[in-house]
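Visitor: In our numbering, the protein residues as written are 9 to 288.
Ideal Cβ placement from N, Cα and C applies to all residues, glycine included.
The structure displayed is predicted, hence computed values, not measured ones.
Dumping the structure here so I can ask a few things about it.
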């Protein structure tokens, strides 16, 4: 009834999976954006599909050392999920963790952890939002600008602090390299007040119609002044005015303030997502 098909060629994997991912671009923004922008030199650790009646109903993609992305293409009932989890357990040797739709990933992680005598550890509890129209315009307090190489030292510290805040710490050297990549991407934005950067936001993983906003960060000394709201609102507006009909972002469900702010801008909740690790 079910089978797991592994892929060993990225182009073959993209050809099969992208049409399914594109049916919900915002929800599948993470895997879709990775596949559509993947470097030819990068070979994903895991590329697989779970098939039912010769049709893929679930996709697995791993490019990060600690997480396998799970995308679901149709409704899966609990009994099916138990069988699918067992198949994945038997087919994939190394499973450090999963990220994806909360209801599916949580059950799947628990099944596989039980089979492997591991513990399920919460990484992040998130919600995916999508925006089609900016409802709250930026205030006149400060101005928007693109981040350049001249901002490297400031943004390097911010990226380092941001990574620590989401429990995905980086070494300072890694933060420096990440900032270089973000600046080269050309969509790292900042909000500036009195010639001083006070907040940042980035746009990445473009797909046909959608692009994801990430790295939204304001240092503690500048928080609670609406700077992140202004930065995200203006960046979102500019993206919608360019080549995209929507933008999306992930938020921390446990932070009601940020969720409220994004909804005020015009972001609408799509699904809940969760990152879970499997550990001894």
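What's the gap between the Cα of residue 24 and the Cα of residue 99?
Guide: If I take the Cα positions, the gap works out to 19 Å.
Visitor: So, for residue 230: in the same chain, excluding its five sequence neighbours on each side, which residues have a beta-carbon less than 6 Å away from its beta-carbon?
Guide: Answer for residue 230: 206, listed in chain order.
Visitor: Measure from the alpha carbon of residue 44 to the alpha carbon of each residue in 217, 246, 178, then state which is nearest.
Guide: Selected option, being the one with the closest Cα: 217.
Visitor: Leaving out the 5 sequence neighbours to the left and right, which residues in its chain are closer than 8 Å to residue 261 when beta-carbon positions are compared?
Guide: Result list for residue 261: 133, 134, 135, 267, 280, in chain order.
Visitor: Are the CB atoms of residue 195 and residue 212 nearer to each other than 9 Å?
Guide: Contact: yes.
Visitor: Pick out the complete alpha helix (DSSP H) segments inside the stretch 30 to 84, 4 residues or longer, and give them in chain order.
Guide: If we require 4 residues or more, the alpha helix (DSSP H) runs fully inside the stretch 30 to 84 come out as 37 to 44.
Visitor: Determine the burial state of residue 85: buried for a count of at least 16 other Cβ atoms within 10 Å of its Cβ, exposed for fewer.
Guide: Counting Cβ neighbours within 10 Å, residue 85 comes out exposed, since fewer than 16 surround it.
Visitor: Beta-carbon within less than 8 Å of residue 108's beta-carbon, same chain only, minus the 5 sequence neighbours each way: which residues are those?
Guide: Only 77, 78, 79, 80, 281, 282 meet the Cβ criterion.
Visitor: Roughly how many whole angstroms lie between the Cα atoms of residue 59 and residue 95?
Guide: Approximately 11 Å between the Cα atoms of the pair.
Visitor: Answer yes if the stretch 13 to 23 comes into contact with the stretch 52 to 69, meaning at least three C-beta pairs across the two stretches below 8 Å, and no otherwise.
Guide: Because the criterion of three Cβ pairs below 8 Å is met, the stretch 52 to 69 and the stretch 13 to 23 touch.
Visitor: Helix, strand or coil for residue 200 per DSSP?
Guide: Strand, per DSSP.
Visitor: Apart from the five residues on each side of it in sequence, which residues of its chain come closer than 6 Å, Cβ to Cβ, to residue 36?
Guide: Contacts found: 29, 79.
Visitor: Beta-carbon separation of residue 243 and residue 170 under 9 Å?
Guide: In this structure, residue 170 does not lie closer than 9 Å to residue 243 by Cβ.
Visitor: Grab me the residues of residue 259's own chain with a C-beta within less than 7 Å of its C-beta, minus the 5 sequence neighbours each way, in chain order.
Guide: Cβ within range, chain order: 134, 135, 137, 266, 267, 270.
Visitor: If we ignore side chains and look at the alpha-carbon of each, how far apart do residue 273 and residue 10 end up?
Guide: Rounded to whole angstroms, residue 273 to residue 10 spans 43 Å at the Cα level.
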